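Using the UniProt record's numbering, the first residue of the sequence shown is number 1, and each one after it goes up by one. Positions of the beta carbon are idealized from the N, C-alpha and C atoms, including for glycine. Just so it is clear, the structure is predicted and the values come from calculations on it, not from any experiment.
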Amino acid sequence: MTVREEKQKQLRELLKESEQLQHSINQLARELANETRVLQVHLYKEQKDQLEDITRYFDEVNMEADQTRPEAILTMALNHFHSHLMHVKNND
Numbered sequence: 001m002t003v004r005e006e007k008q009k010q011l012r013e014l015l016k017e018s019e020q021l022q023h024s025i026n027q028l029a030r031e032l033a034n035e036t037r038v039l040q041v042h043l044y045k046e047q048k049d050q051l052e053d054i055t056r057y058f059d060e061v062n063m064e065a066d067q068t069r070p071e072a073i074l075t076m077a078l079n080h081f082h083s084h085l086m087h088v089k090n091n092d
């Protein structure tokens, strides 16, 4: 097995462990009636590049650092998308 194949195997194993940890965290959160959930997001190069463009723009306009984190940007994007969908739904 080549070094790259070994690293690919290690990556798959770590992703599997991460998914199991996410499941355990969310299960415990449900049991505690905690509203927070952990999502596992796999970004492709295009989404990663888009996220970096957004982060750079937010840095340029001096947005607060905690709002330029990928999690904050994705939360903001989901909020805007949800708002747009509800507007479309309510105008049908």
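* Asked: If you draw a straight line from the C-alpha of Q67 to the C-alpha of E5, how long is it?
  -> Spanning the alpha carbons of Q67 and E5 requires a straight line of approximately 37 Å.
* Asked: Quick one: what's got a C-beta closer than 8 Å to E19's C-beta in the same chain, skipping five residues either side?
  -> Annotation for E19: Q40 place their beta carbon closer than 8 Å to its own, counting only its chain and skipping 5 residues before and after.
* In terms of residues, what are the limits of the alpha helix (DSSP H) holding E46? -> Per DSSP, the continuous alpha helix (DSSP H) segment holding E46 begins and ends at 45 to 60.
* To do: Could you check the C-alpha separation between K45 and I54 for me, to the nearest Å?
  => One alpha carbon belongs to K45, the other to I54, and they sit about 14 Å apart.
* Asked: Distance, Cα to Cα, M1 vs L43?
  -> Computed Cα separation, rounded: 27 Å.
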